Amino acid sequence: MRLGGRRFLLSFAIIGAAVFLALGISLPILKLTKFMFWTSEYSLLTTVEVLIRQGQTFLGVVVLLFSIVFPVVKLLYLLLVSTLPAAELKRHAKRLKAIEWIGKWSMHDVLVLALTIFFLKSQGVYDAASLPAVYFFTAAVVLMILSYAWLKTDLAATGGIGLEPEVPKRLSAVRNFLLSFLIIVATVFFALGIILPVIRFTTVYVWTNEHSIATIIWALYESSEYFLCAVVFAVSIFFPFLKLFYLLTLVTSPDLSPEFRRRSISTMEWLGRYSMTDVMVLALMIFYVNSSGYTEAVVMPGVYFFAASALITMLAYGWANTVPSRPAGLDAQRVASPIEAAPPAGAVVTLPTNPGRRHRPLSKGGSFGPPVADAEPL
Numbered sequence: 002m003r004l005g006g007r008r009f010l011l012s013f014a015i016i017g018a019a020v021f022l023a024l025g026i027s028l029p030i031l032k033l034t035k036f037m038f039w040t041s042e043y044s045l046l047t048t049v050e051v052l053i054r055q056g057q058t059f060l061g062v063v064v065l066l067f068s069i070v071f072p073v074v075k076l077l078y079l080l081l082v083s084t085l086p087a088a089e090l091k092r093h094a095k096r097l098k099a100i101e102w103i104g105k106w107s108m109h110d111v112l113v114l115a116l117t118i119f120f121l122k123s124q125g126v127y128d129a130a131s132l133p134a135v136y137f138f139t140a141a142v143v144l145m146i147l148s149y150a151w152l153k154t155d156l157a158a159t160g161g162i163g164l165e166p167e168v169p170k171r172l173s174a175v176r177n178f179l180l181s182f183l184i185i186v187a188t189v190f191f192a193l194g195i196i197l198p199v200i201r202f203t204t205v206y207v208w209t210n211e212h213s214i215a216t217i218i219w220a221l222y223e224s225s226e227y228f229l230c231a232v233v234f235a236v237s238i239f240f241p242f243l244k245l246f247y248l249l250t251l252v253t254s255p256d257l258s259p260e261f262r263r264r265s266i267s268t269m270e271w272l273g274r275y276s277m278t279d280v281m282v283l284a285l286m287i288f289y290v291n292s293s294g295y296t297e298a299v300v301m302p303g304v305y306f307f308a309a310s311a312l313i314t315m316l317a318y319g320w321a322n323t324v325p326s327r328p329a330g331l332d333a334q335r336v337a338s339p340i341e342a343a344p345p346a347g348a349v350v351t352l353p354t355n356p357g358r359r360h361r362p363l364s365k366g367g368s369f370g371p372p373v374a375d376a377e378p379l
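Encoded structure:
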């Protein structure tokens, strides 16, 4: 990477992202006003803490991973890539690419927070408003995205990561079977996660209501919340189903061209990056509903089935994408260089595996014959 202004701006962007990320995680990110008098402010850290304290350990861990851990790992990845020399980057390219995948969830909790605020406002119970920490967190995510795009361009120009495309090899039969089995299990869990109840509300310790993802979408449609209904349907049903169908097609079609397979994997990455969105929305919604004091919300088995489906799909995608690969120009070189013809009869051929007698002429038939004695001097 060239020194000077671009390097200074890159370092400045990474430092700014670190500062904004720290502020976005620690400062209050949402303010709830109940009955125009009682207000409560929550940050990402306090949300995770209260969820775990209330016994919602699974949801607390999900929010912790996607809202705090993944952005921090992405920031450390950017810092590592910006300081390592090109030779080290090329040697650790596969490991760095695995860490790079984590950064695809960067804007995840910004979308989740927007959906949660929209949902709470539509219910009329709270007046929800975002606080400056939202803008700090969004600024940190944008700076990390710009820094990574800048780094990737410079590394490709200087011979670093991503300079030589790779073509995945054909999957073995056993690997195809295991991947197909994982995808089928993920599909079954996905169907159960949509149909089974995911949340239960208990009001004044007497009245209970259970809702699944399908019934929530239908209720939003009946209440004329078309925008929220379309967003939840897209990220909860349409995108996960399309990713499962896409992945199963790629696994069961080994004769696809490498270029089409590469583009399909990129499409699946885009489709699957919001797979856990509704789990995050349910986590924050349960937290804020429980804070009201008169309504209790608990998760139901549908959440675990849906989360298991998303995680199994991610595992299958990662396994299918880590097939040993070879440089793209290798096949072209093999085709361009024809097989060398056999040397003519009587020619001397070097045999490095026979150190006792390295030179043996070919017989007239073109095959190796018995050793020929040296000609006697005249």
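Here the sequence shown is numbered in this note's numbering, starting from 2 and rising by one per residue.
Every residue gets a Cβ at the ideal spot worked out from N, C-alpha and C, and that includes glycine.
Computed from a prediction, not measured in an experiment: that's the story for all the values here.
List the endpoints of the continuous alpha helix (DSSP H) containing residue i.
i           : result
residue 384 : With the chain represented from 2 up to 379, any question about residue 384 goes unanswered, as that position is not in the structure.
residue 80  : 71-84
residue 174 : 174-196
residue 60  : 58-65
Where does residue i land, buried or exposed, given buried means 16+ other C-beta within 10 angstroms?
i           : result
residue 236 : buried
residue 148 : buried
residue 317 : buried
residue 15  : buried
residue 150 : exposed
residue 56  : exposed
residue 220 : exposed
residue 314 : buried
residue 184 : buried
residue 187 : buried
residue 227 : exposed
residue 10  : exposed
residue 13  : exposed
residue 175 : exposed
residue 178 : exposed
residue 20  : exposed
residue 302 : exposed
residue 261 : exposed
residue 254 : exposed
residue 68  : buried
Just reading off the beta strand (DSSP E) that residue i is part of, what are its end residues?
i          : result
residue 42 : 39-43
DSSP has residue i in a bridge; who is on the other side?
i           : result
residue 211 : 201
residue 299 : 201
Three-state secondary structure (DSSP) at residue i?
i           : result
residue 132 : coil
residue 22  : helix
residue 28  : coil
residue 226 : coil
residue 237 : helix
residue 265 : helix
residue 68  : helix
residue 258 : coil
residue 165 : Since pLDDT at residue 165 reaches only 42, below the 50 mark, its modelled position is unreliable, and no value is offered.
My assumption, with CB atoms under 8 angstroms, is that residue i sits in contact with residue j. Please give the rounded CB distance.
i           : j           : result
residue 310 : residue 138 : That belief does not hold up - the Cβ atoms of residue 310 and residue 138 are roughly 28 angstroms apart, past 8 angstroms.
residue 196 : residue 238 : Not confirmed; about 11 angstroms, so no contact.
residue 52  : residue 26  : Not a contact, Cβ separation roughly 15 angstroms.
residue 247 : residue 265 : 6 angstroms
residue 134 : residue 28  : 4 angstroms
residue 72  : residue 22  : 6 angstroms
residue 181 : residue 82  : That belief does not hold up - the Cβ atoms of residue 181 and residue 82 are roughly 35 angstroms apart, past 8 angstroms.
residue 213 : residue 233 : With a Cβ gap of about 12 angstroms, residue 213 and residue 233 do not count as contacting.
residue 48  : residue 64  : 6 angstroms
residue 24  : residue 132 : Incorrect: roughly 11 angstroms between the Cβ atoms, too far for contact.
Does the beta carbon of residue i sit closer than 8 angstroms to a beta carbon anywhere in chain D?
i           : result
residue 227 : No chain D appears in this structure, which consists of one protein chain only.
Can you determine whether any heavy atom of the ligand NAD sits closer than 7 angstroms to the C-beta of residue i, and answer yes or no?
i           : result
residue 317 : Questions concerning the ligand NAD fall outside what the structure shown contains, since it holds no ligand whatsoever.
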